[in-house]
Structures are given as C-alpha cells and as structure tokens.
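Some notes on the structure that comes next.
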Amino acid sequence: MADACCGPQDTPKSSTAVDAPEAETHENHEPERWWQIRELQLAAVAAVLLAVGWWLSSTGAERVGDGLVLASAVVGAASFVPGTLRNLLRRRRVGVGTLMTIAAIGAVALGQVTEAAMLGVLFSIAEGLEHYAIARTRRGLRALLGLVPPTASVLRDGVEVQLAPDDIVVGDRMVLRPGERAATDGVIWAGRTNLDLSAITGESMPVEAGAGDVVHAGAINGGGAIEVEVTARASDSSLARIVHIVEEAQDRKGGGQRLADRIARPLVPAIMVLAALIAGIGAVVGDPLVWLERALVVLVAASPCALAISIPLTVVAAVGAASKQGALVKGGAALEELGRIGTVALDKTGTLTRNAPQVVEVLPTGDATSTGVLATAAALEARSEHPLARAILAAADSGQPAIDVTAVPGHGLTGRVDGSSVRLGKPGWIDPGPLAHDVERLQQAGATVVLIEQDDVVLGAIAVRDELRPEAPEVIGRLSGLGISTAMVTGDNTRTATALATQAGIGTVHAELLPEDKAALLSELRNGRRIAMVGDGVNDAPALATADVGIAMGAMGTDVAIETADVALMGEDLRHLPQVLAHARHARRVMLQNVGLSLAIIGVLIPLAAFGVLGLATVVFVHEAAEVLIILNAIRAARTTSLPEVTTALPSTPQPLSLTVAGPSKQNGSGCCDAC
C-alpha cells in the first residue's frame, strides 16, 4: 500500500510508507523517544511559529505575524513535500502526500496561510506518531536480543576467558554461573541446574536440565554452575532466528490489510478526479474561487492515510506483543485467520500429553517375573529410538540385545533371546490369554499395552502411559469459554485416546489415524468454521499445512516446526494456546474498528467539504485527529488479553464421545505401530 499511505518512508521493511521523507532514521538507529522523531520536531517548530504569528497579528504586528505563519506552513510541509516530489519525479507515484501537497500549496495561493500551516502541523504530528508507534513496537521485539549478555565466560586451552558473543565459535565451552544468561545456543557438557526460560518461551516455571540437555540463548542459569558446549554462533542462535522471523512476519499482509490496499490504491487518483470535477463544475455554476477552495478541502477530507495505516500498524503491534508471550505469529494473514478460528484439532502425543511415556504396570504370567518380562522386552527394543521403547529400556536393567530382530509391520517385533523365540507386539497380534481382562482395564485407563511372548507362551504385559499435561483440562475449558470447539486427532488406539480425551474434557476423538488421515479429516471437522491444527510441526506436517492455521507446539529451536506452522508456540505450556487465540481475536477486532472508522470519516467529510459545510481548517483538524485516534487504537493490539478463570475437574465418569477409527496405523521405527 505504499502508494496510499502517509507513513514515514524509512520504516524498515514496512508496508506503511509512502509520500514521506526518505530515511533519516534507519532500522538500527530508530529513535527511542518521541521528541527524537523528525516529523514531531518539525511539527513542534511549526506550531510555535504559528502560535507566535497569531499573537503578533493580534497585537497589530500583522506583517511580522503573517510572515511567521507562512514560515510555519513551510516548516510543517517540510515533513511531507520533499518526499512527495521525490516520489513524483523518481517513481511517478501519486499518494496521500500528493493530496496534502496540493492542498497546502492551494491554500497558500488562495490566501489561507493559517489553514495551510495547521494542515502541516497536524499532518506532521500524525506522521510522527505513526513512525514512533512502529519504531517502539520493533524496538520492543529487538529488545529480546538484549537478553544476550555483553560478554561470556569461555574455556579455551583450559583457561577461562571473557569474550563478546560474536567471538564465540561452535565447539567452544561456555561456563554459566548461577544468575548468568546464555550468550548463544548449546548443550550442557557438565553440571546440573534449572533454567529460567520465561523471557523466551513465556513459561514461568524453571526447567530442570542436566548433561545432554539443550540450552537456548537468553536462558538464565538458576542453579549450579554448568559448562555448555556451543552449537551455534550468536548471530545464528534460536533467539536471533526468532527476532528475524517475526520481523519478516510483521510485513506479511493479511486479508484485511489487502482489503485496505484495494480500497486505498484507487482512492487517491479517484479523489483527485473528484476534486477536479468539483472545481470545474463549480466554476461553471458559481464562483470559481469558492469551488476551487472546496475542491482543496475535498482533497484533504478524502485522504485515505488513516485507512492505509490502520491494518499494518495493528499487525506490527499484535505480532510483536505475541512474540514476547512465547508465540511466533507469522504475519498479518496468520494473525487474521487465527482471530477467526472456531475449531481446534489437537494431536495427542507431545501436545496434550508430556511426550515422556513411562512404564506404569508390568503383569507377568505363570512362573515369569516382572523383571524377566521387562528384560525380554528390553532385549527386543534395545536399538529402537521410539518413545515406547525408551520407556521400556528406562524401566529395565541393562542386558544383552536380542538377535535376529525383525519388525513385523503394523504388529511388533520378533527375535531370539537365549536361544528362545520371542515376540513383542500389540494385543490382537499376540493373544493376551489370561491377561485379557487386565489388558482391557489398562487400555481403558489410558495406557498403551504391549504383550511379550516366548516360545508361543505369553510371558506378560507391559503398560506404558504418556501422562496428560496437568494444564490440559484448564486449556480445553478456556477454549470452550472462547466459543471454540475442540477435537483430538491421534494415531494411538481408540481406548487410550478415549481415556485421555475424557480426562481432558474433549468431546470428539478421532483415533488410529495415519498422518494423511489427519489432514483429510480437517475438512470434516471444520463444520463451516475456520480450523486450527495443533501438533509438533514434524509428524503432523500434512495436517498443519492443510488447516487454516497450523500451530506448532514446543517449537523453540526447531526450524522445521517454525517453518511448517503459521504459529509456533515456543514453550511446552499448553496454556499459551488459548492466550494467543484470544490475543488474535482482540487484534482482529481492532483491525475492523480501524477500517470502519477510517471509511466512516471519509464518507462523512467528503459531502460536508464538497458543499462548503466544513472549511479547510476544520477538515484538517477532524481528519488528523481521527488518524491519531486510529494510531492509538492500533497500539491497543499489543495489550495482553486476559482470559476468564476456568474451574476444571477431572470427570468422574466418561463423557459421551464421538469416535472415529481409521484403519491400521502407520508403522513406526520401533516395529510397533502407532496404535499400540
């Protein structure tokens, strides 16, 4: 919308710039105080000259007073006339500045110097406030980079030295003492501590971390001293990527912003044609000077500057505020769609659950023991990286891996242990025999059950459960309070999914789904409303791409998740989900308010100006006051939206559920299907 708006042309990568002076202030040198804004400085000087000129004129020194008023008009026009002329000569662009320039020159030519000075003062104030609002929001976002300390302690050749973050290279070993921030990303080499990630992910509770755990740039060491092996340069850290992605996202246009573009672009030349017609027809039917003056007033009254800045400024404010709350919203389009969401589909593993399954029960049969059952299962799962396998391996004593291990797609694993033929797999492939009742009981309790068989005899069963996140019922309650319906979509078995959905308070469950099944199911779940898919950004990539809005959970430091999704929740706290949805709804309301007010102002002022009801001074004042009001309203989009408190309780009896089972699930790397 560069041809339509009056905002400062130097606003970095912004779509809000048009007929304004070129960059006096660049992205890396944005003013920190409002009085440092060039447009506001010119407006202040012009206002003082205008006031002194009025006073001198009233005391009888009219010639000096008139000279000061003319000087005020020139100083005020300096904020937009040079930029207008450059756009006309270099780019052949006609914008809002063009309208204002014609109106100011025409007013001076008609002897209305005071009105021209007022136009310059108020227009400069509006431009300056817009510049300041955008600069302040971008400064707040880049303040995240201030979380990186100016120096860091690094071990080199066994000696601890202090280095600037930019001098740290991959492979260096940082020393983080209690209370210090990490200068870049790394992995804990030695020591154990708790990390405060609140400034990055928005999560208030510290995270326990030890050897092998990831440390992100900006994290605060809240416990003992640790050594961290650097995995990324400071300029490539997760924190730097967040800032870069959000700054790019702020410039992406949403539907409302494109609507403002479509209205504003043809409006400027149309206004010029209208003004010419008013002056021409009026000269035929009446006094040419009177109608020429009215034509100039129409130019100001119909200026679409407020319309052109209404959406971009709201997007910048809202996206920047969301990033501070641990949510990356990738531009205006994603923000607007997020504000229209009526249904949310949630993956189970890693989204509604902790993604840390544990063995909760071992049931041996006959002469078998719990230890023996776990050892046999661990021998088969020894080389698997599947979460189910990791849970079994963590619960069992280390032993020799099985030999001749073979994965049976959709069923489980076979192999040999101590000369015996063994199998591990889901009920149905292996007959549970005397454990049938216990298997059903455990599955109804939300556990995933695998059976172990040796020489065609069932040794026992192992129940593994990935616990529901404690905040999940609260989150579902908050989404319901926002009028948003929820559904669980998962590849897990129906009984496990049903049990967890009941605990969370979700009334619709679709289980045993392949990744492509999830994507296909979204159109059915829409029910005429916008739908968001919440997943991990990797396994749920098809569904995230198919949904109106894809939301990646726990995406901090995960490039795939950030790139796949429209929105990335950087932390693991699911409560950020209703917060960002409520924030987007608030921002969208602000957008609609601004567009509506902008069009209403233009619609009211044009006829009043055309028929001489309002003069140039009044129209200038009303128009620029409305623009300031829109700027202030757009800044409201940065405010955190409070959610009503929700009282949640785990249901004592299963709630009625709508269930869908979609064929056998996809084989995973452990040889155990997703449903087992």
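Residues 1 to 676 in UniProt numbering are what the sequence shown lists, from first letter to last. Backbone N, C-alpha and C define an ideal beta-carbon position, used for all residues, glycine too. All figures in this text were calculated on a predicted structure; none of them were measured in a lab.
Residue i burial status per 10 Å Cβ neighbour count (16 or more: buried)
i                 : result
arginine 192      : exposed
valine 300        : buried
tryptophan 291    : buried
residue 679       : Nothing about residue 679 can be read from this structure; the chain reaches only from 1 to 676.
threonine 498     : buried
residue 710       : For the chain, the structure presents residues 1 to 676; residue 710 sits outside this window and is missing.
serine 523        : exposed
arginine 92       : exposed
threonine 84      : buried
valine 284        : exposed
phenylalanine 611 : exposed
histidine 216     : buried
glutamate 208     : exposed
alanine 47        : buried
arginine 478      : buried
isoleucine 281    : exposed
aspartate 418     : exposed
leucine 614       : buried
proline 427       : buried
Secondary structure of residue i, DSSP reduced to three states
i              : result
valine 69      : helix
glutamine 454  : strand
arginine 181   : strand
glutamine 400  : coil
glutamate 572  : coil
leucine 147    : helix
serine 652     : Per-residue confidence for serine 652 stands at a pLDDT of 39, beneath the threshold of 50, marking its modelled position as unreliable; no derived number is given.
aspartate 517  : helix
tryptophan 54  : helix
aspartate 196  : strand
proline 364    : strand
valine 154     : strand
glutamine 593  : helix
valine 622     : helix
arginine 294   : helix
asparagine 493 : coil
From the options, residue whose alpha carbon lies closest to that of residue i
i             : options                        : result
glutamate 471 : Arg354, Leu599, Ala565         : Arg354
valine 230    : Ile188, Ala211, Ala520, Pro288 : Ile188
alanine 394   : Ala379, Ser480, Thr406, Gly60  : Ala379
alanine 219   : Leu42, Thr486, Leu50, Val148   : Val148
valine 108    : Ala71, Phe123, Thr59           : Ala71
arginine 383  : Val373, Ala317, Asp404         : Asp404
valine 170    : Gly186, Leu176, Ala625         : Gly186
arginine 340  : Ile635, His583, Arg92          : His583
valine 226    : Thr84, Ser237, Val214          : It should be noted that the sequence gives isoleucine, not valine, for residue 226. Checking every option, the nearest Cα to that of isoleucine 226 belongs to Val214.
serine 398    : Ala375, Gly331, Gly342         : Ala375
glutamate 160 : Asp166, Ile506, Val175, Lys426 : Val175
residue 680   : Pro427, Leu577, Leu442, Ser420 : Residue 680 falls outside the range modelled here, since the chain spans only 1 to 676, and no answer is possible.
valine 422    : Ala164, Val567, Leu451, Pro288 : Leu451
alanine 565   : Arg585, Gly571, Pro542, His586 : Pro542
arginine 390  : Asp367, Gly372, Gln358         : Gln358
valine 329    : Val228, Ser237, Arg585         : Arg585
valine 75     : Val113, Glu62, Arg63           : Val113
glutamate 627 : Leu49, Leu513, Ala126          : Ala126
Test item: CB-CB of residue i and residue j under 8 Å
i              : j              : result
leucine 569    : glycine 554    : yes
alanine 638    : alanine 321    : yes
leucine 338    : valine 534     : no
glutamate 39   : serine 79      : yes
alanine 308    : alanine 234    : no
proline 364    : leucine 459    : yes
valine 580     : alanine 407    : no
isoleucine 630 : leucine 605    : no
isoleucine 311 : asparagine 594 : yes
aspartate 492  : proline 515    : no
threonine 448  : arginine 469   : no
threonine 496  : glutamine 454  : no
glycine 415    : alanine 402    : yes
alanine 609    : arginine 294   : yes
histidine 510  : leucine 500    : no
alanine 306    : isoleucine 271 : no
valine 344     : threonine 508  : no
valine 590     : asparagine 633 : yes
glycine 222    : proline 178    : yes
Presumed contact (8 Å Cβ cut-off) between residue i and residue j, rounded CB distance
i              : j           : result
isoleucine 602 : proline 304 : 7 Å
valine 475     : leucine 599 : In fact, because the Cβ distance is near 38 Å, the residues do not count as touching under 8 Å.
Within-8 Å CB hit, residue i to chain D
i            : result
arginine 181 : The chain inventory of the structure shown lacks chain D, comprising one protein chain alone.
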